[in-house]
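*Asks:* The opening position of the first sequence corresponds to residue 1464 in this note's numbering, with each subsequent residue numbered one higher.
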Amino acid sequence: MKLATWNINSLNVRLPRLLGWLAATAPDVVCLQETKLEDHRFPRDALAEAGYEAHFAGQKTYNGVAILARSGLAVDDVARGIPGYEDTQQRVIAATVAGIRCISVYVPNGQSVGSEKYVYKLGWFHAATQYVKAALAAHPLLAVMGDYNVAPEDRDVHDPALWAGQVLFSGAERTALREMMAIGLVDSFRLFDQPPATFSWWDYRMLAFPKNRGLRIDHILMSAALAARCTSCRIDRNARKGEKPSDHAPVIAEISD
DNA sequence: ATGGCAATGTTTCATTGA
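(1) Suppose you measure from the CA of GLU1579 to the CA of GLY1573; what does that come to, to the nearest Å?
(2) Does DSSP put ASN1675 in a helix, a strand or coil?
(3) Would you decide whether PRO1490 is buried or exposed? Buried here means 16 or more other CB atoms lie within 10 Å of its CB.
(4) Determine the closest residue to ALA1645 out of LYS1596, ASP1539, MET1464 and GLY1705, with distance taken between C-alpha atoms.
(5) Distance, Cα to Cα, LEU1741 vs ALA1532?
(6) Can the beta-carbon of THR1661 be found less than 8 Å from the beta-carbon of ILE1698?
(7) Do you know offhand how far ALA1509's Cα is from ARG1641's?
(8) Since ILE1718 sits in a beta bridge, which residues does DSSP pair it with?
(9) Measure the alpha-carbon distance for ARG1703 versus LEU1654 and round it to whole angstroms.
(10) Based on the DSSP output, what are the partners of LYS1707 in its beta bridges?
(11) What does a CB cutoff of less than 6 Å around LYS1523 pick up in its chain, not counting 5 residues either side in sequence?
(12) ASN1612 and PRO1571 look like a contact to me (Cβ under 8 Å); what is the Cβ gap, rounded to whole Å?
(13) With 16 as the cutoff for other CB atoms within 10 Å, does ASN1470 come out buried or exposed?
(14) In this structure, how does DSSP classify PHE1519 when only helix, strand and coil are distinguished?
(15) Alpha carbons only, please: which of ALA1511, ASN1675 and PHE1519 is nearest the one belonging to VAL1568?
(16) Measuring CA to CA, which of ALA1557, GLU1549, TYR1525 and GLN1552 is closest to ASP1540?
(17) At a cut-off of 7 Å, is ARG1507 close to the ligand PLP when judged by its beta-carbon and the heavy atoms of the ligand?
(18) Rounded to the nearest angstrom, what separates ARG1700 and HIS1711 at their Cα positions?
(19) Below 8 Å on the Cβ atoms is my guess for VAL1560 versus LEU1599; work out the distance and round it to an integer in Å.
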């Protein structure tokens, strides 16, 4: 079982790239963020032809999340948004795929520390934590996958001194992520030895990617029961290369049967 | 090879992302 998450930064632009990546990678579940498509425009048929059943919660221009499940896998209890938390922005979708509860999350960016969007980010994070806590209680096999817009540690940032106190790496954001993990989730990436300076996002500007000036802000968090079955987790840096890449690379975790 | 922002709509600039 192969689980993946990828901030695709416009599924309209990136559909050909996604289809090629699906064929090459053969994941069983893919969580997508920043699809930027209203539901009536979602390329459900193209993905079905590629062998994936799609569930999605989208909107125009911004945000938008989806879960793709390999055709034939049982998909149950699809849920959109965070119950009890009013939000016009489409940032969460959940589904149980082959018995594993999967939640695709697109945490707000936060813009800059202290801004209105930063306050929204922290409030959203806490609401999401309560939601994930309830999900964990109901589903021992849980994976929360997505773009968290938070780098957890110094080693997840190309230049920690430069980023200290900045949005994506501020103390309050890292604390919010730690608090979500404290309910009983582990960062599957850190279950394994990893090459130093492994990141999941690079700015389009200033040659950030070829210089590897990135951040690791996309994560696959797992419950203890799921983590016990996790055999690998890696970031697919190759998917950031070539013509018209997303600014994010996918994270891929493997689960033993 | 991986390359000096990109996607979108409000469209020929403004907004947002991270």
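By construction, the Cβ of each residue, glycine as well, lies at the ideal position given by its N, Cα and C atoms.
*Replies:* The short version:
(1) 8 Å
(2) coil
(3) buried
(4) LYS1596
(5) The question about residue 1741 has no answer, for the chain in this structure spans 1464 to 1720.
(6) yes
(7) 38 Å
(8) CYS1693
(9) 23 Å
(10) DSSP lists no partner for LYS1707.
(11) GLU1501
(12) 7 Å
(13) buried
(14) strand
(15) PHE1519
(16) ALA1557
(17) For the ligand PLP, the structure offers nothing, since it holds no ligand at all.
(18) 9 Å
(19) With a Cβ gap of about 16 Å, VAL1560 and LEU1599 do not count as contacting.
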